[in-house]
Every structure is written in structure tokens, then in C-alpha cells.
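Line by line, the protein sequences give chains V and A.
According to our numbering, the first sequence holds residues 70 to 401 in order.
According to our numbering, the second sequence holds residues -17 to 411 in order.
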Amino acid sequence: MGTAVTHAPAMEDLTKDSKPRHRPAKPPRPAALKRRGRRESLAGYLFMSPWIAGFLLLTAGPMVASLYFAFTDYNLFDSPKWIGLDNFSEMFADERWRHSVRVTLWYVVVGTPLKLLAALGVALLLAQKRRGQAFYRAAFYAPSLIGASVSIAIVWKAIFSDDAIVDRTQKTFGIDVGGWTGDPDLIIYSLVALTVWQFGAPMVIFLAGLKQVPRELYEAAEVDGAGPWRRFWNITLPMISPVLFFNVLLETIHSFQIFSSAYIVGGGAGGNACGPADGSMVYTCYLYVQGFENSRMGLASAMAWLLLVAVALVTAVLFWSQRRWVHYEEGA
Amino acid sequence: MQQNRNVERRTVLKAAGASLAVAGLGATATACGGDSGTGDGTVTIRYAWWGAEDRAERINKTVELFHKKYPKIKVKTDFQPYTDFWKKFNTQASGGNPPDVFQNAIGFLRKYDAKNVLLDLGAQVEAGNLSMDGFRAGLEKFGEIDGKLLGVPVGSNSMALVVDTPVYTKAGVKPEQGWTWDDYDAAMKKIRDKTGRAGDTGPYNVMYLYDLYLRQNGKAFFTEDGLGFAEEDLKAWWTKAEKAVEEGIYADVKKVTQIKPKSAVSGEIAAGEFTWDNFTIRYSSEGKSEYGLAPIPTTDGKRTGQYLGSLMLSASKRTQHPKEVAQFIDFMVHEPEVAKIMGYDRGVPATQAQYDAFAPTDPVNKAIAAYEESLVSSGVLEPITPHPNGADICEAAFLRIGEEIGLGKRSVDDAVKQFFTESKTALGS
């Protein structure tokens, strides 16, 4: 993810300087060149072959298959039966499916902005030069490395359950809700907390963006009498808006795909599939339940494709909206 | 230079080719691992079950015993918790690679028979590799579906009211065979008032208990191909439950879900719950109190609607070694030594020989034996309710939707409607 930021300027360099840098001093005759070119590209493909095979067999193939299954009734055992759009009409009529869409949207709409706010806030603090800065950066980044793991989800469940640390702390303040993971309305907030806690990844990207902002802009603004808020609003924000856009895009897509934390905090193996009264039944959880618990692979495939289309649409809207608020420096 | 580079590239390519070849060989070798015949006639079969670590230890001991008697049959074992077991099994079975022999239960027989997964062991019985003689209480018929022998019972169990004995004693509640639902309701109230603990975890979403209640009233949860009760029946059942949860007679569902996988009884949230009688073994290892078994309440003072349930061993239709699998099952259900190792872990042993071989000495196992004997002697046992294809999904929906009532997330009317919608989809009717 760190590389993506450094790419932005790097890519510009490339396009400007697109002439091939390196040419053989003495070009061989055309026929030999051709032959060598062919041999080299063959070698290239051969070296790529493990990846290509993996892509075709493990990604592209299954994707095409699942697109087909999306229009069938397929229970894993009997051969798939073509049913046209029935899976989709069943989905829209299914109350549990609509519930999972609501839970997911709620998670995305609440969790993503909070996470980005936390990331930007801490990045602003860490952008200033002070002692121990490297330590703080590493410390704040660490949760992003481990946050998606199963073990952290298990720890999270323990932290937020009945009579555990969060519950006890609340009780000392006179708030007794009896553990978040058992409450159908609160469990989703424990998941939001989990994603916000992983603000380190977007924070690092923000930091890189903040470093790119030319100092002289601030100096000029200060001379003109702009206060800190004004400087942030009129200089920092526009200058880092491409990075902000990148983070919004990435985190939104990421949020739509939440699965393991919802599944594990919600009970996971041996318990409720996804939370009491489906409290943490996010979209992918329901997809999993339909596919692997109810053996309805056709329906699950249809759900997966619909999610893909929905995320693509959201991405398209974000890209469309960037014209209005993302500021790219021209002619730099 | 030119020359050199070419040589270098060729070497690299050769190396790459070689490593690809090795990878290919590796794949072939793995593929061979699945096919289990070897030169000296040794055969490998795979055996999978659901359960926890303590069951795994016992089963591995019985497998060692089997290896001693049948050195030419090697058994590879694998286990998961209940829900994960079926996910893995589905994936393996649909990929054409199911375990040769696996733990099963009545609720899954029709489902997997419809999917063409289960081997009819009848032929092996005829061939003399598997004996269906010497079973107790008609259990030899439990695994028969439409004339096919799809599972062999390893043990029998029955629904019971598992109670925290000291709490019941403190409240002065003493359930007796033939007590009614009114008695039960009064007892729950008494427990809540005198001990401050919820009387029950919540009987309202236990499918197997509601089945008994329906049977007491001449119905059942399932028929051969659908649900055996009407929306009004369920409405009445859940309306009563909703009130009891509000009054604290049944446990707070939030607490019950959070203590999972531990039970609310061993977690001291509720004084008892309706479940299978062999669960006292688990609760005794989980909790600090003493746990006993009480009879199922009745509607008319006599009929409990109870029947024996059973865990079984089934074989896969795709197994390469039906004979060896049959010999394995035969050993596991008839060998007395196996019963001594397993105890009542999977219910009371199914065959008379195994039943006689294990004489319980500890109070928990003794109580289970006494409970099952009392069921036989009081003559309350009846034939089992059929479990159509999709029954397991209905059970999960019943559990979940009932819980939603307990959590106050759904009105009874809405819950009943939702349950019937989901069940109709699952049962394909």
C-alpha cells in the first residue's frame, strides 16, 4: 500500500520520459532480432507460467464458473440446473438478505469515515517533527498488520463480551449493557471499533501525502495571516486530496468485503453464524451461510457477483465524484 | 558476452523446467496418497467425526485397538466441531473425496441419501462383514431408510431436562415422571423467586423439545416430507415463551449467546435446559456444580413423546474399500473393549454386548444409565419422528429465529412467518 503513493509522482516521471532509455549499441540484423525477441518472450512467458497457471486455474476459471453458477440451482452434489434469474429474485425477496445488506451498508458508512478521520488526525500529529516519531508511527501502524487475523478477532470478542474489560469499564461509569457481542444492536459497533483501530495503513499513506505538501505554501499563508484551521482547510486538504481519494476508495472497497472479523466476533465456529439475531450478519457472512451451511452454491455465486457489481458501481461513483473535490496539481 | 548470457539463460530455464517437473511429480505423489491400495495388501480408510478433544482421545484409542486386530487396515482419523464437520464434509463429498467412514445422525440420513453420498451397507451385512444382531431397543432399524441400511447406531440417547441439582434442591423443586407443563412452569417460577437464577436456558427454540411437545398432542415437528404442525401451534408456543423471557423465568439470551460454546447451565446462568441426556458428561467437565437428569414434562400426565435418538457410523458410496469399512464399523459397534474406552460419550452403547461391557462407576454415567432404564421401564418410548431432507436447516432456523424472539428483535407473528418461509425453502415444499 505504501508503494501506491510513491507511484503517483513516479508514474508521471515515466510518462514524461517515455523514450526507451536503453538500446543495444549495435543493433543485430532484423531477422536475428526477431528470432531473439521471440525466444525471449517465450522465456518470459515460461517464467510467468506459474503465475499465469495460478491465475487461470485458481482465479479466472472459478470466476467464470461462478458466473455460470449464479444462474443455476447448484447444491454441490447434483449437477447445476439452469434457473435464469431466479437466484436474484429470491435474494431480493429474502428478508435475511435485505438485513445483511443493511448491516453491511451501516458498517461501511459508519466505519470507513471514522477510520479515515482517525488516520488523518493521527497523521497530522505525526507529521510534525518530534522525538520518538518513528516509534509512534510503527506503533500506530502495527494494528493494521495483525488486525485482519483470526486471533485478533478472537481477542476482540473476548474484550467486548459480557463481564469482560469493556463491560466492566462501562459498569464503573454506571452504563450496564451486558457485553457488546451478545447484543444484536451493539455487536456491529465492536466491529466498527475493530476496523477503526486498524487506522495505521491509511495513516501511513496520509503521512506520505502530507510530506509532499510544499512548505512555502504554509509560509506564504502564514504571512497572509491564515490560522491553523484555515491552513488545513485551504492548503493541506486540497493538496492531499488525491491521497484522500485513494484512501476513501481503498477503505470503502475493503469495508464491503468484511468477513472474518464479523464471522468470528459474531460466534463463528460452533455458535451463531454471525452474531445474535444476525447482528453482525454482513453480506459476505450471509453468502457463506448460504453457500457452505445451506449448500446453495448457485445462490451464493449470484450473491458474490451482485456484490462485485455493487462495489464496482460504488467505485465508479467515487471516481466520477473526484472531479469535484480531488485537486491534482498541474504542470508540476 | 552474448554467448555467456545464453548459456546462463539455458541453465536457468533447465532449472525452472526441472523444478516444474518436480512439482508435477509431487502432485502425482499426493494424488496417489488418496488411492490407498499398496503392494502388501494393506488398505487405508479415512474416518471422520465431530466432537471435541476428549472424544478424539477416546476414539483414537479405539482405532489403535482396531489396528491390533486388523493390521492390514490402516485408519486415518480426522475430526472437527459439529458445524464445521458438515461444512468440510460437504466440500469433500462434492469433490468426490469424502471420508470412507464417518459419524452421522438420523437427521442427515435422508439428506445425504438424496445426494447419493451414503453406501447401502445391506450388501456387507449379507456378505458377513457386518453383523446387525445384538442391538438393544430395536436400534438396528434406526439407520434404515426405504429398505437401505445407511447408518449403524453406535449409541442411543434421549432428550432430557438436564438440571443443576443443588439449585433445584435449594428451590425445593423435585420433578417426577409424569409431571405436567403446568408443574414445570410453576417450578421455573419457584426457582427464579427462590434462587434468583433463571429456571431454564430457554426451551422455546430447541427443535427436539418442541417435537416432543407436538407428539404429546398427536402431531410432530416433521412428516416424511414437510412440517408436521401449523402456524397457530408455533404461535402459541412462542407467545408463552416471550412472556417467560420478559419475566426472567428463562435466561437472558444475550448472556446465553455470549457464554457459548459453554452452556448456560454450566455457566450458572440457568438452572436447567432440555438437551440430550449424555450432555451431563460435558457439563460436568465444564461446570463446578452437580448435574442431574429430570423427566420431560407431559401434557396428559403420561405421554412424554420421547424416542431414542442415535449417533451412527455411515460409509461413503464412493469408498474403494466397502469390505474393510464394514469390518471397521462391525468392530466399533460390537467389540466390548471399545465400549470400555468410549463410555457413554456418544450415548448408551447400541449393542447389548457393549452395553454390558461398560458398567458406569461414577455418578454422572450412572445417572444416564438409570435415566435410560427408567424410560424403557416406564414404557414412554415411541417410534422416532422422520427427518426429511432439509431437516437440519429447519432446526438451525428454529434455533435462530426463536433466539430473535428472546432478544426482543422479532414479534412472535413475524417470527412464525419467517420460520415457515425459511422451512418451506429448505424442505423444497
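We put the CB at the ideal spot given by N, CA and C, even for glycine.
In this text the structure is predicted, and so the values were computed from the model without any measurement.
request  = Grab the span of the alpha helix (DSSP H) containing VAL395 (chain V) for me, first residue to last.
outcome  = Note, VAL395 (chain V): premise wrong, no alpha helix (DSSP H); not H, not E.
query = Out of curiosity, what's the CA-to-CA distance linking GLY344 (chain V) and PRO253 (chain V)?
reply = Distance between the alpha carbons of GLY344 (chain V) and PRO253 (chain V) is about 7 Å.
key: Cβ neighbour criterion (16 or more within 10 Å) applied to TYR254 (chain A)   = The amino acid at residue 254 (chain A) is misidentified as Tyr; the sequence shows Gly. So GLY254 (chain A) counts as buried.
inquiry  = Could you compute how far the alpha carbon of TRP68 (chain A) sits from the alpha carbon of THR353 (chain V)?
reply    = Whole-angstrom Cα-Cα distance: 19 Å.
request  = Spatial neighbours of TYR265 (chain A) within its chain, please: CB distance less than 7 Å, with the 5 preceding and 5 following residues excluded, ordered by chain position.
outcome  = Non-local C-beta neighbours of TYR265 (chain A) in its own chain, meaning closer than 7 Å and more than five positions away in sequence, comprise VAL144, SER245, VAL247, SER248, TYR273, ordered along the chain.
ask   = Quick one: any contact between the segment 28 to 35 of chain A and the segment 79 to 90 of chain A, if contact means 3 or more CB pairs under 8 Å?
value = The answer is yes - the segment 79 to 90 of chain A touches the segment 28 to 35 of chain A, with three or more Cβ pairs under 8 Å.
query = Between which two residues does the beta strand (DSSP E) containing LYS56 (chain A) stretch?
reply = LYS56 (chain A) -> beta strand (DSSP E) spans 55 to 62.
Buried versus exposed call for LYS184 (chain V) [16 or more other C-beta atoms within 10 Å across all chains shown] = Per the 10 Å Cβ criterion, buried.
message = Comparing C-alpha positions only, which one of V:ALA134, V:SER135, V:VAL133, V:LYS150 sits nearest to THR141 (chain V)?
response = Answer by Cα proximity: V:LYS150.
ask   = Which residue's Cα is closest to the Cα of GLY208 (chain A): A:LEU194, A:PRO148, A:CYS376?
value = Taking each of A:LEU194, A:PRO148, A:CYS376 in turn and checking the Cα distance to GLY208 (chain A), the smallest one comes out for A:CYS376.
message = So that I know if they touch, is there some Cβ in chain A lying closer than 7 Å to that of ASN363 (chain V)?
response = Yes, its Cβ sits closer than 7 Å to a Cβ of chain A.
ask   = What three-state label does DSSP hand THR280 (chain A) in the structure shown?
value = DSSP, reduced to helix, strand and coil, places THR280 (chain A) within a strand of the structure shown.
query = Short check: CB of TYR337 (chain A) to CB of ARG118 (chain A), under 7 Å?
reply = Against a cut-off of 7 Å, the Cβ pair of ARG118 (chain A) and TYR337 (chain A) comes out as a contact.
ask   = Are the Cβ atoms of ILE327 (chain V) and VAL292 (chain V) separated by less than 7 Å?
value = Remark: C-beta atoms of ILE327 (chain V) and VAL292 (chain V) do not approach each other more closely than 7 Å.
request  = For THR90 (chain A), I'd like the list of residues in its chain whose CB is within less than 7 Å of its CB, leaving aside the five on either flank, ordered along the chain.
outcome  = Reading off the sequence, residue 90 (chain A) comes out as Phe, not Thr. Same-chain partners within the cutoff: ASP374.
GLY291 (chain A), enclosing alpha helix (DSSP H) - first and last residue = Going by DSSP, GLY291 (chain A) is part of no alpha helix (DSSP H) but of the beta strand (DSSP E) stretching over 291 to 297.
request  = Let me know if TRP225 (chain V) comes out buried or exposed under the rule of 16 or more other beta-carbons within 10 Å of its beta-carbon.
outcome  = Classification for TRP225 (chain V): buried.
ask   = Under a Cβ-count criterion, where at least 16 other Cβ atoms within 10 Å of its own Cβ denotes burial, should TRP389 (chain V) be classed as buried or exposed?
value = Counting Cβ neighbours within 10 Å, TRP389 (chain V) comes out exposed, since fewer than 16 surround it.
task = Find the residues of chain A that neighbour ASP231 (chain V), judging by a C-beta separation of less than 8 Å, and give them in chain order.
result = Result: LYS236, LYS237, GLN240, ILE241.
request  = Answer with yes or no whether the minimum CB distance from LEU91 (chain A) to chain V is below 7 Å.
outcome  = Cβ-Cβ to chain V under 7 Å: no for LEU91 (chain A).
ask   = Which whole-angstrom value is the C-beta distance of VAL282 (chain V) and THR250 (chain V), which I expect to be below 8 Å?
value = With 8 Å as the limit, VAL282 (chain V) and THR250 (chain V) do not qualify as a contact, their Cβ atoms being about 42 Å apart.
task = Please list, in chain order, all residues of the same chain as GLY230 (chain A) whose beta carbon is under 8 Å from its beta carbon, the five residues on each side excluded.
result = Cβ neighbours of GLY230 (chain A) within its own chain (closer than 8 Å, five residues either side excluded): ARG174, ALA180.
query = Does the segment 378 to 390 of chain A come close enough to the segment 292 to 308 of chain A to have 3 or more Cβ pairs within less than 8 Å?
reply = Too few Cβ pairs lie closer than 8 Å, so no.
task = Tell me where the beta strand (DSSP E) around LEU143 (chain A) begins and ends.
result = LEU143 (chain A) -> beta strand (DSSP E) spans 141 to 146.
query = PHE401 (chain A): beta carbon under 6 Å from a heavy atom of the ligand PLP?
reply = Summarising the ligand content, the structure contains no ligands, and the ligand PLP is consequently not present.
query = Where does ALA34 (chain A) fall in DSSP's three states?
reply = Of the three classes helix, strand and coil, the one that applies to ALA34 (chain A) here is coil, per DSSP.
inquiry  = At the 7 Å Cβ level, is LEU389 (chain A) part of the contact set with chain V, yes or no?
reply    = Taking Cβ atoms only, chain V reaches closer than 7 Å to LEU389 (chain A), which makes this a yes.
query = List, in order along the chain, the chain A residues whose C-beta lies closer than 7 Å to that of ASP252 (chain V)?
reply = Within 7 Å Cβ-Cβ: LYS236.
task = Say whether chain V places a C-beta atom closer than 7 Å to the C-beta of GLU386 (chain A).
result = With 7 Å as the cut-off, GLU386 (chain A) counts as an interface residue toward chain V.
message = Tell me which residues share the same chain as ALA321 (chain A) and place their Cβ nearer than 6 Å to its Cβ, disregarding the 5 neighbours each side in the sequence.
response = Counting only Cβ-Cβ distances below 6 Å, and skipping sequence neighbours, we find PRO331, GLN336, ALA339, PHE340.
message = Under 8 Å, with one C-beta from each stretch per pair, do the segment 158 to 165 of chain V and the segment 239 to 249 of chain V reach the 3-pair mark?
response = Cβ pair count under 8 Å is below three, so no.
query = Residues of chain V with a CB under 9 Å from the CB of SER76 (chain A): which are they?
reply = Those within 9 Å of SER76 (chain A) in chain V are ASN144, LEU145, PHE146, SER364, MET366.
ask   = So GLY269 (chain V) packs on TYR210 (chain V), CB below 8 Å; how close in whole Å?
value = For a cut-off of 8 Å, the C-beta gap from GLY269 (chain V) to TYR210 (chain V) is around 4 Å, short enough to register as a contact.
request  = Verify the CB distance criterion: does GLY247 (chain V) have a CB-CB separation below 7 Å to chain A?
outcome  = Proximity of GLY247 (chain V) to chain A, defined by a Cβ-Cβ separation below 7 Å, is satisfied.
Complete runs of the alpha helix (DSSP H) confined to the segment 245 to 270 of chain V [at least 4 residues] = Here the runs fully enclosed are 256 to 266.
query = So what does DSSP say about SER349 (chain V), is it helix, strand or coil?
reply = Coil at SER349 (chain V), not helix or strand.
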